[in-house]
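These notes concern the structure reproduced below.
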Amino acid sequence: MFAFLRENFRWIAGGFILTYCSSFGQTYFISASIAQWQSDFGLSHGQFGRLYMFATLASAMCLPFIGRIVDVAAPHRMIAIVIPVLAGAALLAGFAASVPILFVAIFALRLFGQGMTTHVALTATGRWFVAERGRAVSLVVLGHQGGEATVPLAFAALSIAYGYRVGWIAAAVALLAIGLPCAWWCYRRPRVPRPARYRDGAGRAETRSWTRREVLRDPLFWIILAGVLGPAFIGTTIFYHQNYMTELHGWPPRFFAESLIVMALTTLICALLAGAAVDRFGARSLLPFFLLPLAGACFVLAGSVPAAALYGVMVLVGISYGISSTLFGALWPEIYGVANLGAIRSVAVATMVLATAAGPGLTGTLIDRGIPLPAQMAYLGAYCLAAAGAMAAAAGVLKRRA
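Numbering-wise (my numbering), the sequence shown opens with residue 8 and increments by one.
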């Protein structure tokens, strides 16, 4: 692993920087300013929730159109557009003078932060690495964990000391002064991929590049996409309703925050292990398994959960998150080729963004209508099991197709 990292440092570092920069468009970062925005604009929790949901949905609808540009533009040129726009959105969020301007700011943060920075990183990594694609993706996606562990803390410290607007200014400055030049330099020279063989002895034939139209007509794509939705929908739901679950189960407030550290460490370890498995056996071989730990987490949350059991839940969630983060960075180029990878990935990413928007809204509505979250978790666990069965069938078809 260390020899691989030394040899490919600039491309791995570039992808890591981009996924780290995606933190500025993630819910865990944006949510730190919700109270200030509600106070400034007189918004209720429900009003801001709807604004955030519609901004996220709008960004998801734009992704398939903007994301396909990655197929015709060099990655470093995309970086020269995406990061400055993201920095501008950060400034707009910090100094929004009205609700419509705030909507535009959140829309741009979600589209260019959560969406395009990760999309550029994983599309380039999928193209530039073949023999070691699993390891490369597993290292690149660690930027998400790095950002989650450090960016909110830094923003909170600045906000407490100087006000939340200074935090947004610092975000924009960091993006322009560090993220932009470093990522641009790392991606300025493309990597030439090496052909490879699976280490179990099976040859790795060159995959025919599908067009996006062909992929959208492929039933297997939609079956796999149904599995992709699971971690995005369920994970966001768990995090969004953390206060509700803490009150419902009588957990000490600190327990949920502490459990997130357990989840982050588990995600990191499993992402790296999944990368090694992808390089050895292929990404399709992991399809039947990544939803099973998430199903277990859902079934545990469907009952009465003591505080200590929350750590076990987060271990299970972290296993699914770690495997899926590596899996879906490597799967699409493996089964659909790389010529139109940006256009194909943009559809998958847009669907995941839609799931993150729908999860809290749908489950919250059901809670308001008298269906508690534990009851919903039982159904979500059953969904994961059914989807895992579908993934196993899809993996078998993909193996025969190859």
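The C-beta atom is built at its ideal place from N, Cα and C for all residues, glycine as well.
If distances are taken between C-alpha atoms only, which option among E254, I351, V269 comes closest to P7?
Residue 7 cannot be examined here, being either before or after the span of the chain that is shown, 8 to 409.
Please confirm whether L298 and S332 have their CB atoms less than 9 Å apart.
-> No.
### Message
Quick check on I351 - is its C-beta less than 9 Å from some C-beta in chain C?
### Response
Here there is only one protein chain, and chain C is not present.
Self-check item: Pairwise C-alpha distance: L146 and I19
Solution: Going from the Cα of I19 to the Cα of L146 covers about 7 Å.
message = If you measure between the beta carbons of V77 and S353, is that distance less than 9 Å?
response = Taking 9 Å as the Cβ cut-off, V77 and S353 qualify as a contacting pair.
| task | Give the DSSP-derived three-state secondary structure of E139 in the structure shown. | result | Coil.
Point to revise | Whether G22 touches A131 by CB criterion (9 Å) | key: When the beta-carbon positions are compared, G22 and A131 come within less than 9 Å of each other.
Practice task
Could you tell me which of A87, R219, A81, W339 sits nearest to G186, measuring between CA atoms?
Solution key: When only C-alpha atoms are compared, the closest one is A87.
Practice prompt. In angstroms with no decimal places, state the Cα-to-Cα distance between W175 and F136.
Written response: Rounded to whole angstroms, W175 to F136 spans 35 Å at the Cα level.
Quick one: grab the DSSP three-state call for V360. Reduced to three states, the DSSP call for V360 is helix.
**alpha helix (DSSP H) segment containing R195, residue limits** = Its alpha helix (DSSP H) spans residues 187 to 195.
TODO: Could you check the C-alpha separation between G303 and G325 for me, to the nearest Å?
DONE: Their backbone Cα atoms lie some 12 Å apart in a straight line.
message: I'd like to check one pair, A112 with A128: are the Cβ atoms closer than 9 Å?
response: Going by C-beta atoms, A128 is not nearer than 9 Å to A112.
Quick test of the definition: if touching needs 3 or more C-beta pairs under 8 Å, does the segment 278 to 287 touch the segment 362 to 377? Contact between the segment 278 to 287 and the segment 362 to 377 is not established, with fewer than three Cβ pairs separated by less than 8 Å.
* Determine the closest residue to P200 out of A143, S311, L160, with distance taken between C-alpha atoms. => For the residues A143, S311, L160, the minimum Cα distance to P200 belongs to A143.
G141 beta carbon less than 9 Å from that of V312: No, they are not a contact pair.
**Which of helix, strand or coil DSSP assigns to T130** = It is helical.
Practice problem: Mind checking which residues open and close the alpha helix (DSSP H) that includes H256? | Solution: Run containing H256: 249 to 256, per the alpha helix (DSSP H) assignment.
message = Three or more C-beta pairs under 8 Å: does that hold for the segment 52 to 66 against the segment 148 to 168?
response = At 8 Å Cβ cutoff, the stretches do not touch.
Review point. Can you tell me the Cα-Cα spacing of R291 and F335, whole angstroms?
Key: So the two alpha carbons sit approximately 10 Å from each other.
*asked:* Which of the three DSSP states is assigned to Q33 in this structure?
replied: Three-state result, Q33: coil.
Taking the alpha helix (DSSP H) that D78 falls in, what are its first and last residues? D78 -> no alpha helix (DSSP H), and no H or E assigned at all.
Just how far apart, CA to CA, sit R215 and Q33?
If you draw a straight line from the Cα of R215 to the Cα of Q33, it is about 34 Å long.
(Q) So, with DSSP's three-state summary, where would you put R201? (A) When DSSP states are grouped into helix, strand and coil, R201 belongs to the coil group.
*Can you tell me which of H248, G396, I230 puts its alpha carbon nearest to the alpha carbon of A355?*
Among H248, G396, I230, the Cα nearest to that of A355 belongs to I230.
| query | What distance in whole Å lies between the Cβ atoms of A402 and P295, which are believed to be in contact at a cut-off of 8 Å? | reply | Contact between P295 and A402 holds: their C-beta atoms lie close to 6 Å from each other, under 8 Å.
For this session: Output the distance between the C-alpha atoms of V148 and D47, rounded to the nearest integer angstrom.
Result: So the two alpha carbons sit approximately 35 Å from each other.
Looking at the structure shown, is D375 part of a helix, part of a strand, or coil, going by DSSP? Correct three-state label for D375: helix.
* With respect to the alpha helix (DSSP H) encompassing V312, which residues constitute its N-terminal and C-terminal limits? -> The continuous stretches of alpha helix (DSSP H) do not include V312, and DSSP gives it neither H nor E.
Problem set entry | Per-residue DSSP class, three states only, for L70 | Three-state DSSP puts L70 in a helix.
Alpha carbons only, please: which of P107, V79, Q45, Y27 is nearest the one belonging to L122? Note on identity: in this sequence residue 122 is Gly, with Leu being the wrong assignment. Out of P107, V79, Q45, Y27, Y27 has the C-alpha closest to the C-alpha of G122.
G289 and V307 closer than 9 Å at C-beta: One thing to note: G289 has its Cβ no nearer than 9 Å to the Cβ of V307.
Mark N347 as exposed unless 16 or more other C-beta atoms lie within 10 angstroms of its C-beta, in which case mark it buried.
Around the CB of N347, 16 or more other CB atoms lie within 10 Å, so the residue is classed as buried.
| task | Can you have a look at G139 and say buried or exposed, based on whether 16 or more other CB atoms are within 10 angstroms of its CB? | result | Note that residue 139 is Glu in the sequence shown, not Gly. Counting of Cβ neighbours within 10 angstroms places E139 among the buried residues, the total reaching 16 or more.
Ends of the alpha helix (DSSP H) at T124?
-> Here T124 belongs to no alpha helix (DSSP H), and DSSP marks it neither H nor E.
Note the first and the last residue of the continuous alpha helix (DSSP H) segment covering L179. Sequence check: residue 179 is Ala here, not Leu. Taken as a continuous stretch (DSSP letters only), the alpha helix (DSSP H) holding A179 covers 171 to 181.
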